[in-house]
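J.: Numbers 973 to 1049, taken from my numbering, label the letters of the sequence shown in order.
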Amino acid sequence: MAGIFEIAEAGGKKYFFKLTASDGTVVAVSPLFSTIKGAAAGINAVRENAATGLIVDKSQARGGSDPKRTAQGPVPD
């Protein structure tokens, strides 16, 4: 089963969405939007960009951060 996007109200006419995996794990929570339409547009942006996004490792696990390295290999210049 695919993940589920849920739009919720944060109070004060602010909205956000969260992406929940099929096992119930919350994968992502969005920033606040002023309209439901804005939250829906945010969901569409995630759907369009997530599969093609680069993974940038900024952790200190390898003794420093090299923004030109990703989990998929070097980023082309």
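All C-beta atoms in this analysis are idealised placements derived from N, C-alpha and C, irrespective of residue type, glycine included.
When the distance is taken between beta carbons, is S1002 closer than 9 Å to I976?
T.: The count along the sequence shown starts at 1 and reaches residue 976 at position 4. The count along the sequence shown starts at 1 and reaches residue 1002 at position 30. Cβ atoms of I976 and S1002: not closer than 9 Å.
J.: Name the DSSP beta bridge partners of I976, please?
T.: Within the sequence shown, the letter at position 4 stands for residue 976. Partner(s): T992.
J.: Would you kindly report the start and end of the unbroken beta strand (DSSP E) that includes V998?
T.: Position 26 of the sequence shown holds residue 998. Its beta strand (DSSP E) spans residues 998-1001.
J.: Return the chain-ordered list of same chain residues with a C-beta closer than 8 Å to the C-beta of F988, the five sequence neighbours on each side being excluded.
T.: Here the question's residue 988 lines up with position 16 in the sequence shown. These residues qualify, in order along the chain: I979, A980, A982, V1001, S1002, P1003, L1004, F1005, A1011.
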